[in-house]
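Engineer:
Written out as structure tokens, the structure is:
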């Protein structure tokens with residue numbers, strides 16, 4: 189009966205949360221890089237990347253502000269909005285990885301947007317300060 193305690197360890201079939209969280213999951217453990225790629229390639233991630241590129245291309249402060257706010261909302265939804273508790277169980281099973289790398293990359297994107305779209309101050313002779 190040594191195998192009996194092993195039946196309580198997390199496995200892909202444990203509680204079936206991976207079927208809900210990631211349909212079509214192949215059973216391989218998802219790490220930080222895999223989770224970051226998955227979140228960036230989600231429909232919301234692609235839309236926010238495009239909005240960020242538009243803000244940077246045209247150096248538009250208000251579009252940049254909207255992009256930063258929407259990135260913040262997206263990260264909040266990904267990390268905190270889990271009323272069913274499926275995300276935590278899916279992380280234990282391994283079909284969802286920690287979003288740490290994704291959060292760090294989005295923070296760098298947001299800092300870049302803010303710094304690149306900030307108002308340009310000019311001196312008395314017309315040169316930038």
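In the working numbering, the protein residues as written are 189 to 317. For every residue, glycine included, the Cβ atom is placed at its ideal position computed from N, Cα and C.
#1: With a CB to CB cut of under 8 Å and the five nearest residues on each side skipped, what residues in its chain are close to residue 279?
#2: Determine the extent of the alpha helix (DSSP H) in which residue 208 is found, giving its start and end residues.
#3: Let me know the alpha helix (DSSP H) ranges lying completely inside the segment 238-296, each 4 residues or longer, listed in chain order.
#4: Do residue 274 and residue 205 count as a contact pair if the criterion is CB distance below 9 Å?
#5: Counting pairs of beta carbons, one from the segment 231-249 and one from the segment 293-310, are three or more of them closer than 8 Å?
#6: Need the endpoints of the alpha helix (DSSP H) that residue 224 sits in, please.
#7: Is it the case that the Cβ atoms of residue 226 and residue 218 are separated by a distance below 9 Å?
#8: Taking only three categories from DSSP, how would you classify residue 232?
Structural biologist: In terms of the structure at hand:
#1: Excluding the 5 residues flanking it on each side, residue 279 has same chain C-beta neighbours closer than 8 Å at 285, 286, in chain order.
#2: From DSSP, the alpha helix (DSSP H) with residue 208 extends over 205-209.
#3: Counting only runs of 4 or more, we get 249-267, 274-281.
#4: Against a cut-off of 9 Å, the Cβ pair of residue 274 and residue 205 comes out as a contact.
#5: Contact holds between the segment 231-249 and the segment 293-310, because three or more Cβ pairs, one in each stretch, are under 8 Å apart.
#6: Element bounds for residue 224: 220-228.
#7: Between residue 226 and residue 218, the CB-CB gap stays under 9 Å.
#8: Looking at residue 232 - three-state DSSP - the assignment turns out to be helix.
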